[in-house]
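Reading through the structure tokens given below for one structure.
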Amino acid sequence: MRPLIFFFLLCSSSVFSQSVESVKLVDLQKIIHGAGDRVLVINFWATWCAPCIKEIPYFEKLNTDDKNAEVILVSMDHDLDPNTDKVNRFVTRKKIKSRVLVLTESDPNSWIDKIDKRWSGALPATLVVNSKTGKREFIQGELGEGELEKLIAKVKNQ
Amino acid sequence: MKTTFLIMLFALLWAGSPAKEGYEIGDTAADFKLKNVDGKMVSLADFKDAKGFIVVFDCNTCPYSKAYNERIIALNKKYASLGFPVIAINPNDPAQSRGDSFDEMVKVAKKKGYDFPYLVDESQSVAKSFGATNTPHAFVLTKELKVAYIGAIDDNARKPQEATKHYVEDAVNALLAGKPVTTTKVKAIGCGIKWKNA
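First to last, the protein sequences are chains L and V. Everything in the first sequence is counted per the working numbering, starting at 17 for the first residue and increasing by one. Everything in the second sequence is counted per the working numbering, starting at 7 for the first residue and increasing by one.
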């Protein structure tokens with residue numbers, strides 16, 4: 017029993033878990049406006065959100081396959097649980113390769129519109145931005161197969 | 007013929023912009039008839055003495071619904087006797103969220119001792135006409151079913167005791183006092199409604 021407990025302690029410590037970055041809204045806005053030539057793909061998710069977890073492989077695949085796209089998974093877990101352990105463990109367990117941020121802001125009503133006016137705050141939600149032209153597409157709800165690629169093509173062609 | 011075409015075109019365009027679906031503040035909500043956990047059909051018109059309604063789109067499974075569960079029960083305890091009953095509606099597709107089936111709703115209502123209707127919106131048409139997107143998602147209606155408030159219950163999902171703004175209570179209190187509702191729309195992080203696959 018004891019070695020097992022020790023094992024879990026180790027897993028939850030920084031030795032094994034990839035630490036996610038905690039950011040404020042201003043940091044996120046800087047990222048959105050400073051992505052250079054790449055298309056920015058930002059997915060808003062949480063560890064408790066089943067449809068979010070279902071669509072994460074699409075983002076992971078994009079992150080590996082498309083070097084012109086910058087994928088960022090922004091966790092909204094902070095709103096219900098300010099301890100980032102759960103997010104860290106999730107990222108480690110699922111071997112997430114994309115950049116993961118935790119937005120540590122309270123009072124969502126004060127910032128949801130600043131991310132996108134079309135967003136009700138429901139998860140999952142995905143924002144695709146062409147930083148060069150400022151064109152953006154926003155989708156609330158789970159993405160279907162191929163939908164992400166369509167959104168990227170849209171912001172590139174606009 | 008031309009009108010039909012225009013209506014169809016309009017419907018198509020409308021369908022393409024889901025963000026604009028649903029009620030805005032001041033719109034009159036359409037009454038509905040949905041099955042309650044006791045098997046009986048419930049309409050807002052059944053509440054002859056109501057001065058208004060606290061309609062909450064809610065479910066069994068969403069962590070935000072769980073976080074707000076006691077607060078929703080408390081809202082009904084406080085306001086039903088004052089003429090503003092809570093009407094909870096679960097719009098989630100049980101095919102995508104098994105814990106939100108009608109049988110599970112019956113269990114939750116029993117376990118939590120719901121003394122307000124917990125209705126199933128099987129076709130999801132009521133959630134769509136309201137423009138509900140999250141669970142929980144509150145709509146405060148006047149007696150005439152005019153939409154007076156849309157959004158979050160308060161400003162702290164995690165810690166009810168640390169909430170500084172109680173939006174739904176403020177809206178109902180204002181209506182009870184015959185005053186205008188000051189904060190009419192508030193967004194919150196929440197679970198997206200589990201829509202049926204098109």
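The beta-carbon is built from N, C-alpha and C at its ideal position, and this holds for glycine as well. As the structure is a computational prediction, the values presented were derived from the model and not from experiment.
Output yes if chain V places a C-beta closer than 8 angstroms to the C-beta of residue i; else output no.
i         : result
L/Ala-85  : no
L/Ile-131 : no
L/Ser-38  : no
L/Ile-58  : no
L/Asn-104 : no
L/Ala-169 : no
L/Gln-7   : Because chain L here runs from 17 to 174, residue 7 of chain L falls outside it and cannot be looked at.
For residue i, which three-state DSSP category applies?
i         : result
L/Ile-58  : strand
L/Thr-80  : helix
L/Lys-111 : coil
V/Phe-38  : coil
L/Ser-147 : coil
L/Cys-65  : coil
V/Arg-164 : coil
V/Ala-138 : coil
L/Met-92  : coil
V/Leu-88  : coil
V/Phe-122 : coil
V/Asn-96  : strand
L/Val-116 : strand
V/Ile-199 : coil
L/Ile-131 : helix
L/Glu-37  : strand
L/Ser-30  : Confidence at L/Ser-30 is low in this model, with a pLDDT of 41, below 50, so the placement of that residue should be treated as unreliable; the coordinate-derived value is given next. Coil, per DSSP.
L/Gln-45  : helix
V/Phe-53  : coil
V/Val-61  : strand
V/Gly-157 : strand
Is it buried or exposed for residue i, if we count other Cβ within 10 angstroms and need 16 for buried?
i         : result
V/Pro-37  : The sequence as given places Asp at residue 37 of chain V; Pro does not occur at that position. Burial call: exposed.
L/Leu-159 : buried
V/Glu-175 : buried
L/Ala-138 : buried
V/Lys-54  : exposed
L/Ile-168 : buried
L/Lys-77  : exposed
L/Glu-86  : buried
V/Ile-199 : buried
L/Thr-142 : buried
L/Gly-162 : exposed
V/Ile-78  : buried
L/Gln-156 : buried
V/Lys-193 : buried
L/Ser-126 : exposed
V/Ala-51  : exposed
L/Asn-59  : buried
V/Thr-34  : exposed
At a CB-CB cut-off below 8 angstroms, which residues of chain C make contact with residue i?
i        : result
L/Asp-95 : Annotation note: the requested chain C is absent from the structure, which comprises protein chains L and V.
What whole-angstrom Cβ distance do residue i and residue j have, given they're in contact under 8 angstroms?
i         : j         : result
V/Lys-149 : V/Asp-160 : Incorrect: roughly 24 angstroms between the Cβ atoms, too far for contact.
L/Leu-41  : L/Leu-119 : 7 angstroms
L/Thr-80  : L/Lys-113 : 7 angstroms
Can you confirm whether residue i, when its beta carbon is compared against all beta carbons of chain L, has any partner nearer than 8 angstroms?
i         : result
V/Asn-66  : no
V/Ala-73  : yes
V/Asn-82  : no
V/Val-146 : no
V/Ala-177 : no
V/Asn-140 : yes
V/Val-62  : no
V/Ser-129 : no
V/Ala-56  : no
V/Pro-100 : no
V/Gly-198 : yes
Between the segment 66-86 of chain V and the segment 135-144 of chain V, do at least 3 Cβ pairs fall closer than 8 angstroms?
Cβ pair count under 8 angstroms is three or more, so yes.
Hey, is the segment 94-111 of chain V in contact with the segment 95-114 of chain L, meaning 3+ C-beta pairs nearer than 8 angstroms?
Because the criterion of three Cβ pairs below 8 angstroms is not met, the segment 94-111 of chain V and the segment 95-114 of chain L do not touch.
Across the segment 127-134 of chain V and the segment 82-94 of chain L, are there enough close Cβ pairs to call them in contact, namely three or more that are closer than 8 angstroms?
Cβ pair count under 8 angstroms is below three, so no.
Taking 8 angstroms as the cut-off, does the segment 177-194 of chain V touch the segment 140-152 of chain L (at least 3 CB pairs, one atom from each stretch)?
Between the segment 140-152 of chain L and the segment 177-194 of chain V, the count of Cβ pairs shorter than 8 angstroms is below three; the stretches do not touch.
I'd like to know if the segment 119-126 of chain V and the segment 90-103 of chain V are in contact, where contact means that at least 3 CB-CB pairs between them fall below 8 angstroms.
Contact between the segment 119-126 of chain V and the segment 90-103 of chain V is present, because at least three Cβ pairs lie under 8 angstroms.
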